[in-house]
Structures are given as structure tokens and as C-alpha cells.
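Sequence lines, in order, name chains A and B. Each position in the first sequence, counted from 1, maps to that position plus 54 in the numbering used here. Each position in the second sequence, counted from 1, maps to that position plus 3 in the numbering used here. Glycine residues also receive a C-beta, built at the ideal position from the N, C-alpha and C atoms. Just so you know, these numbers come straight off a predicted model, no measurement behind them. Working notes, structure below.
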Amino acid sequence: MIIKERLKTGIRKNLNQQYLKRLLGIIAMKPLLHAYGSTFSSISDKYLNIFSIESIRDAYCSDRTVGFGSLFIPYEFLYSLRITPFLPEVMAGFTAGLGLAEQTLAKASSNWYSQDLCTFHRSASGAVEMDLFPKPSFIFSTNLACDAAQKSFYIYARKYGIEENFHLIDVPYEKDEASVSYLAGQFREIAEKISSKMGTGLDYARFREVIQLSNRFRELAIEVNQVRRKLVDYPPYYNGLNFILPFHGLTGTENDVILYQQMLLELKNFLKEQENKGDAPARKKLLWLHLKPYYRNDIFDTLAEGNCSVVFEEINHVYWPEMDPSSPFESFARKMLSNPLAGSINHRLDAIRTMARDYSIDGAILFSHWGCRHSNGGARIIKDSLKEMGIPVLVLDGDCVDAGNSSGGQIKTRLQGFMEILNFRK
Amino acid sequence: MDTSIIREHKSRAIEDSIKEDTGSLKKHFIRSLSCSSKKPKVGWLCTYTPEELINAAGFIPVRIFGNKKLDRSVSYFPTNFCPYLKSAWESMLENSPELEGIIFTSSCDGMRRLYDTAEKYITHTPSFMLDVPRISERRQVDFFTLNIKKMRAFLEKLAARKISESQLRSSVLLINKKRFLLSRLGSLLYQQPGSPGRIDIIPYYMILQVAMTSDPEVFTEELEAYLKIFESTGTSGEPGAPCGTNKRPPVMIIGNFINENRLWNLLSDLDLHLAAEDLCVSNRYFEKEVPEDASADILKSISARYLTKPACMRMADLGSKLNEIREKAISQKVKGLIFISLKFCDNMLYSFPLVKKELTDLKIPVLYLEIEYNNFPEGQLKTRLQAFLEML
Ligand code: SF4
Ligand code: SF4
Chain A
55 MIIKERLKTG
65 IRKNLNQQYL
75 KRLLGIIAMK
85 PLLHAYGSTF
95 SSISDKYLNI
105 FSIESIRDAY
115 CSDRTVGFGS
125 LFIPYEFLYS
135 LRITPFLPEV
145 MAGFTAGLGL
155 AEQTLAKASS
165 NWYSQDLCTF
175 HRSASGAVEM
185 DLFPKPSFIF
195 STNLACDAAQ
205 KSFYIYARKY
215 GIEENFHLID
225 VPYEKDEASV
235 SYLAGQFREI
245 AEKISSKMGT
255 GLDYARFREV
265 IQLSNRFREL
275 AIEVNQVRRK
285 LVDYPPYYNG
295 LNFILPFHGL
305 TGTENDVILY
315 QQMLLELKNF
325 LKEQENKGDA
335 PARKKLLWLH
345 LKPYYRNDIF
355 DTLAEGNCSV
365 VFEEINHVYW
375 PEMDPSSPFE
385 SFARKMLSNP
395 LAGSINHRLD
405 AIRTMARDYS
415 IDGAILFSHW
425 GCRHSNGGAR
435 IIKDSLKEMG
445 IPVLVLDGDC
455 VDAGNSSGGQ
465 IKTRLQGFME
475 ILNFRK
Chain B
4 MDTSIIREHK
14 SRAIEDSIKE
24 DTGSLKKHFI
34 RSLSCSSKKP
44 KVGWLCTYTP
54 EELINAAGFI
64 PVRIFGNKKL
74 DRSVSYFPTN
84 FCPYLKSAWE
94 SMLENSPELE
104 GIIFTSSCDG
114 MRRLYDTAEK
124 YITHTPSFML
134 DVPRISERRQ
144 VDFFTLNIKK
154 MRAFLEKLAA
164 RKISESQLRS
174 SVLLINKKRF
184 LLSRLGSLLY
194 QQPGSPGRID
204 IIPYYMILQV
214 AMTSDPEVFT
224 EELEAYLKIF
234 ESTGTSGEPG
244 APCGTNKRPP
254 VMIIGNFINE
264 NRLWNLLSDL
274 DLHLAAEDLC
284 VSNRYFEKEV
294 PEDASADILK
304 SISARYLTKP
314 ACMRMADLGS
324 KLNEIREKAI
334 SQKVKGLIFI
344 SLKFCDNMLY
354 SFPLVKKELT
364 DLKIPVLYLE
374 IEYNNFPEGQ
384 LKTRLQAFLE
394 ML
């Protein structure tokens, strides 16, 4: 805890790329990283942190080719092209966790980013303007799930003077075969362009290898989710909303496989202990929709106090089919197109309904992150559709990154009201 | 059929203003306004919707302007959601039974959710989602052609008949003609206030509203006649400062769905010299025609036109968009830019830092305005606009 706090204070005081680079260079040295790792309460938590730090370090400190990517890009694509990914939106979550968002957001505002925009992008834009991120050679963005990334990432490309290396992956609306071939064609074209620029040629063996690792991760994630169906309580260190980076940005790496293997082992043991104790705790089971605030907050403590437990999160749903290592581009296309956030809201609803059934949920919380039009714009439909299944939904207004744009008091009151309703039922 | 949307436009947005502001305009467009045509109507929202197909299927393409005050729609969407779309939803809740169908486009996150909302809550009106790519290269033109084919099938089902090749081709000619006439109208606007033959801002935007909500055949005839009279008289007779000593600095406006009569009134009162525009209620709607090559695949030509027309900020290649803006600003010798956005439009809001930088490099001052829809803070904006224009 002390180490973590010291790191945070150090970064806050020396907010510049050189310092971050140096710091990452030091803490990512094996012995130190492992010493830091010992401050975590489980091996999987340690892996999560170490692998995240290593992946960020790689982007900052090595002489690798760095590519910025928005969240729902299949990162297998970048690993296959030997591009080290860097995810500005995820980093924006870290700016909140490290207490830096106030500064990055202020910078974005002074550079004319409207306060009405999503703070994941605003904070990342501020960080880009402050030159806190490593310089990318390529930028990949997509219109999945929202309009924000394709715009903000283009601005980054201009800022770094690499517009010709900005690639928008345009995900079509329909999920049919015409869309698969349209999307696969884009991947192929981009891959050919990049590999010829890098002078490497397309290395299909590498694609195969990365896809196999990704498939292995996928199997493990499915197994983890199956164990989670029976879990009501969780180890104190576990919060499913912390897995955005491994679930997206690390797919196709060996580290991801190691992390999920470990997580599976721990959750299985935890389940066994829970079963040995006899009856599962009688808690109300919640499904969490969208993301959570990444700064310090007491949402999950409030839920625990009210006898409620988040048993699953929308972001951990494995939505894509197994990939075919022999046709990488079609596989990436299918992965993107099967994302429930692509196209019509009915896909998201279908996925939510499946999760609601799989995890026998009593209620759902949709965290309505300020500025996220695609998610909040569907809140009413989600609420009404789950109501049809007898499941109440709380639409909780707040901001995932900007603590100043969320009212802790109001959130608590609304959570308490919702929990009262849940606990009153049945 | 959506006669009440039309009625509403007529009663609130068009007719009143036409009466108030221009007096003579109404008589020139009486047939378009009175909706004398008996054709059924299909609603559309975004300038990426190929009107020529709707027309070829025998429907009047009626753009849903959503001139309604928000009431019921606030319970469907969050506060920070595109105010135009909320207003459009208000209109749909009331008037959709009068439309044969509605064509949505995948233009932005908000529009996707509006379509979902329509699908769930107004099931009696068939709707169609036209997927519009964000890139305008060959692969995208081909893909968009496929999507336009699906839209054609939707319209054919609505009309219970096939759209023939010749109907489609003559519809392309008609809509091209409308575009050509509207471009001529545009060139009458972009002159110094008070110049002979200049059309004022108010009637200009009124006519555009009529253009997007009436039978293209009728409207085109009326606009052609109007332009003939207008151009032959050589004087506008429209409000504006007298030509001569008091020259106004040429100004460009960039915006999204800006459809605000009080804004046009204000700009007209201020004698603004609007020298160039980039709006989705104006030039982005009519600039660039569909190539009329008889040997080419007509749907593909339509697809190419829509993907390469003056782009909306939703498109990926903001670099080309910025070049387009830069070139317009230079060629029209623009001295100031008004960037006006409806609130909560991500595509516009993200474009602003880039546009601002581009124009600052050209030493052109930029005024940034963010507005609601149908809820125009007149006093406040007047002060800001005045101060800006005085500075130029
Ligand atoms: S929170 Fe919403 S708007 Fe922001 S990046 Fe995520 S999907 Fe986009
Ligand atoms: S104004 Fe912006 S948010 Fe609204 S419909 Fe147009 S593009 Fe979408």
C-alpha cells in the first residue's frame, strides 16, 4: 500500500514523460517488479498489475514500434504485426486511478475539448497534449463502440504528424457475411500497408501463433465465467471491472494466458471454500453494465453493506467465436462484428439477457458515464427490456474518470434506494 | 402520411416566418407548402440518405426536422444527448403514423440509438437503418452500394412495387436538378448584403427547409420559376444593408443540424455577409451531383456521390474535411468563422480543436457557439455575435 501511494505521489509531482519513462524502467526491472508484486493480495492480482506495467513499459521504454489502439480493436492484429499496443482510453482510466485526471482534463479543456465529451477521451487527449504518452508510429481506431475514438485518435495522429499511419477500422452495422468480408478486407489492406512500410512482409506464422494464444485465453475466460456463475461472494481483491486491459489489450499474449490460468485456479479454490462452508451467502446478485469509476469511490462497499454483490460485469462477457488461425483477417472481422455493442442495441440486449439468466441476477446497474451517448442513449430500452424479465435496473449517473463530475453522496443515496427495492423483493 | 410534420413546419417554422420575414416568399412555393401532392411520404434524417430512391419508389422524401418542443422525448433519452434527435423523436412520437416509413442512417451514436428507440416504441411505422461507411474509398463505395440496394428493397416492399431502372434514372435527374438549382440559390446568398441580386439569409434557409420537406418535382418547378424571377429583376428587395461604403467582412459558418429561424433572423439583422457555409441543412445536402452516365451502374454512382459529397464530421478523413474548409475559407476570402454546434454532438465537438487550429494558422478568428435545439438563447448570442463581428 505504501509503495503504491508513494508511486502515485511521485507521478503527480513529476508529471512528464521522462519521469514516467524512468519510473517504468525502474519498477519494471524484474526484482523490483516482483517486490512490488508482493504487495498484492493474490497471485492473479499481482500478475494483473505486473503484466499491465510491463505492457505499458514496453510502449514507453523499448525501441519497439508502438501503435495506439482504441478499446475494441482486436489486439491480436497488432501483436501479429509486431506492433506494441498502447491504449489511451485504458490509460485514461489509470489517470483517474493515479489522481491525475484533474490535470489532464484541464489541459484538454484549455485545448478546446468540450466538457460535454466522454472523459476517457478527454483525459487521454489532455495527456497527449501534455506529451505524457509514448510517440506512436501507427494509430488504429474504430467506430466500435462509439464515435469518440475515431475522432480523438485522428487528432492524435495529426499531433504526432502521422496522419498517413492513422487507420480507422470501419465496423459496419449489420452482422452478415457481406460485413465480414468488408471488414476482413480492411484488415488485410491495413496489414499489407503496414508490413510493407515496416519492410517485414506478412508473417502468417506469427498470426497463427498469436491467434492460438488468443483462443487459449478465450477458453480460459469462458471457464472463469463458468465458475463465476456459482460464485456469489468474491475474494476482497477481485473486481471484474479491473480486467479491461487483459481482456482486450493483452489478448494474443502469453501473459494473458498465464493470468487467466491463475485466475481460474484461484476462483475455483475460492468456490470450493465457499461450497465447503455450506450454503452460499444470501446476497442479491447484480449485473454491472458499462464501466465503473476508476478513482477512489465507495460504490462497491456500499453494495456490500446493502447485502448486494456484483456477480458479473458486461465487459467480461466472451462474445466472440473461436478464431481460425488460418484465416486471421476473417477471424478479426468476426470478433469485432460479434461485439454486442456493434450495430443495433438488440445485440447488447441479447447479451445482457443471456448474462442475466446465466448469473441468475436480481438486478442490474447501468453506470451512466457522462458523455457516453451510445450506452446512455440505450438506457431506457435496457431498463424497459429487463423490466419485461422482472429485473429492475438502476441507471446510475456519474463519471468514470472525473471525480469532480460525479456526486458520491447522490450515488450512495440512489444505490441505497435501489438496494432497498431489491431486498424487499422475494 | 406525415402531413402533420409538414403542417407543423408550415405553421411554426416555415409559414409564419415566411409571412413575417419575406412576405413574398410564400406565394412562390405555395404548391410545395400546401402539399398538394397526394403522394405518400417517407421520413429521413441525415444527408447521407439517397433521396432519389425514395422519390423513385413514389414517396415524397420528407426530412424530419423535429420542430417540436421537448416533452415526452425527455424520458427516452438522457440530458446529454443530441437535442436534434430528441426533437425528431418528439415529432416521431406524434406523427410517425402519418409516414409510410422512416429511413435512419448509422451516422452517429445518437442516431443508432434513435433507430433502436423507434424500433422498440413505434412499431407501427416500418423503419430502415441505412449503414453509411465512414471512409470514401473504392471498397466503401462498393459496400455502400450493397446497403443502398437493401434500402431499395425496403422501399419496394413499402410501395408494394419494384423500382424500375428508368424510374431510378429519372429520379436521379430530378434530384440533380434540385441540387443544381439550390447551388444557384446558394451563390445568390454568398454576396455582400445589399448587393443587387442577393438573397437574404432568412428566405434562403426557409427555401432549404421547403426543399427538404416537399415533393421534389413540385419544388424544383417552383424554385426554377422563383430563381428566374429573382435573377431577372436584378434586385433582391430583401432586407440588408445598402451596398456601398459599409462593406461587411465575409464570414463562414460551420455547423451540424442548425435549423434555427431565430439565428437566421439574428444574422440577417446583423447584416452578416455569409460568404461560405458548411452545414447539414444546406450545402452538405445539395452540393455535388450524381454522375448521369447511362452506362454506369446507377446505384454505384449514387453511392459514390453520397460518400464523396461535402463530408459531415462523422467521416474518418477529417484531414480532407479540414482541407475543404481551408480552401473554402481562402477562396471566399473569409475573415471570420462561426463554428456553431448543437450540444452533445461528439462528431462536431471533436472537430472543433482541429478547425480552430487550422483557421488560427490562417489568422482567421473563430467564434464558438454551442446551442440547444428549439431553445435559442437569443440575447446572449446576439451580444457574442455582435462583439465578434465588430472585432473582424
Ligand atoms: S465510455 Fe462510451 S463514449 Fe467513452 S469511450 Fe467508452 S464507449 Fe466511448
Ligand atoms: S447533430 Fe451530431 S449527434 Fe446530432 S444527429 Fe447530427 S451527427 Fe448525430
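Per DSSP, Asp-349/B is one residue of the alpha helix (DSSP H) stretching across 349-364.
The beta-carbon separation of Ala-113/A and Phe-140/A, rounded to 4 Å, stays under the 8 Å limit for a contact. Using a Cβ distance threshold of 9 Å, Ala-178/A and Ala-146/A count as a contacting pair. Remark: the C-beta of Asn-197/A is outside contact range of ligand 2, defined as less than 8 Å to any heavy atom. Within the same chain, and ignoring the five residues on either side of Ser-206/A in sequence, the residues whose Cβ sits closer than 6 Å to its Cβ are His-175 and Ser-179. Met-132/B has its Cβ no nearer than 8 Å to any heavy atom of ligand 2. Non-local C-beta neighbours of Lys-71/B in its own chain, meaning closer than 8 Å and more than five positions away in sequence, comprise Glu-11, Ser-90, Glu-93, Ser-94, Glu-97 and Asn-377, ordered along the chain.
Taken in chain order, the members of the region 351-365 of chain B whose beta-carbon sits within less than 8 Å of a beta-carbon on chain A are Leu-352, Tyr-353, Ser-354, Phe-355, Pro-356, Leu-357 and Lys-359. Secondary structure at Leu-345/A: coil, using DSSP grouped into helix, strand and coil. Across the set Ile-210/B, Asp-281/B, Ile-178/B and Ile-261/B, the C-alpha of Ile-261/B shows the shortest separation from the C-alpha of Phe-379/B. By the rule that beta-carbons nearer than 9 Å mark a contact, Trp-342/A does not touch chain B.
A contact between stretches requires three or more CB pairs, one per stretch, nearer than 8 Å, and the region 300-317 of chain B meets this requirement with the region 347-359 of chain B. DSSP places Tyr-101/A in no beta strand (DSSP E) but in the uninterrupted alpha helix (DSSP H) bounded by 97-115. Contact between Glu-103/B and Lys-44/B is confirmed by a C-beta separation of about 6 Å, below the 8 Å threshold. Close CB contacts of Glu-373/B within its chain, under the 7 Å cut and outside five residues either way in sequence, are with Ser-344 and Lys-346 (chain order). Look at Tyr-371/B: its C-beta is under 9 Å from a C-beta on chain A. Cβ contact annotation for Ser-76/B (same chain, cutoff 6 Å, sequence separation greater than five): Lys-89, Trp-92 and Glu-93, in chain order. Under the three-state reduction of DSSP, Thr-50/B is assigned to coil, being neither helix nor strand. In the DSSP annotation of this structure, Arg-388/A is not part of any beta strand (DSSP E); the continuous alpha helix (DSSP H) holding it starts and ends at 382-391. Judged by DSSP in its simplified three-state form, Tyr-208/A adopts helix. The beta carbon of Gln-240/A sits closer than 7 Å to those of Ile-223 and Asp-224, all from its chain and outside the five residues before and after it, given in chain order. Take the alpha-carbon of Gln-266/A and the one of Gly-397/A: they are about 28 Å apart.
Beta-bridge pairing by DSSP links Val-369/B to Leu-340/B. As the crow flies, the alpha-carbon of Ile-106/B is around 39 Å from that of Gly-294/A.
The distance from the Cβ of Ile-298/A to that of Val-455/A is about 13 Å, inconsistent with a contact at the 8 Å cut-off. Residues of chain A whose Cβ lies closer than 9 Å to the Cβ of Pro-136/B are, in chain order, Asp-224, Pro-226 and Tyr-236. In the displayed model, Arg-75/B falls within a helix according to three-state DSSP. Judged by DSSP secondary structure, Thr-356/A falls within the alpha helix (DSSP H) whose first and last residues are 353-359. By the neighbour-count definition (other C-beta atoms within 10 Å, threshold 16), His-127/B is an exposed residue.
Closer than 9 Å to the CB of Tyr-167/A there is at least one CB belonging to chain B. The three-state reading of DSSP puts Gly-180/A in helix, counting H, G and I together. Counting along the chain, Leu-77/A sits inside the alpha helix (DSSP H) bounded by residues 71-81. By the Cβ-count criterion, Asn-68/A is exposed, with fewer than 16 other Cβ atoms from all chains shown falling within 10 Å of its own Cβ. Contacts between Gln-204/A and chain B, judged by CB atoms closer than 8 Å, involve Arg-137 and Ala-319 in chain order. Straight-line measurement puts the Cα of Ile-107/A at about 13 Å from the Cα of Ser-116/A. Short of 8 Å from the beta carbon of Glu-246/A, and not among the five residues preceding or following it, lie these beta carbons of its own chain, in chain order: Leu-256.
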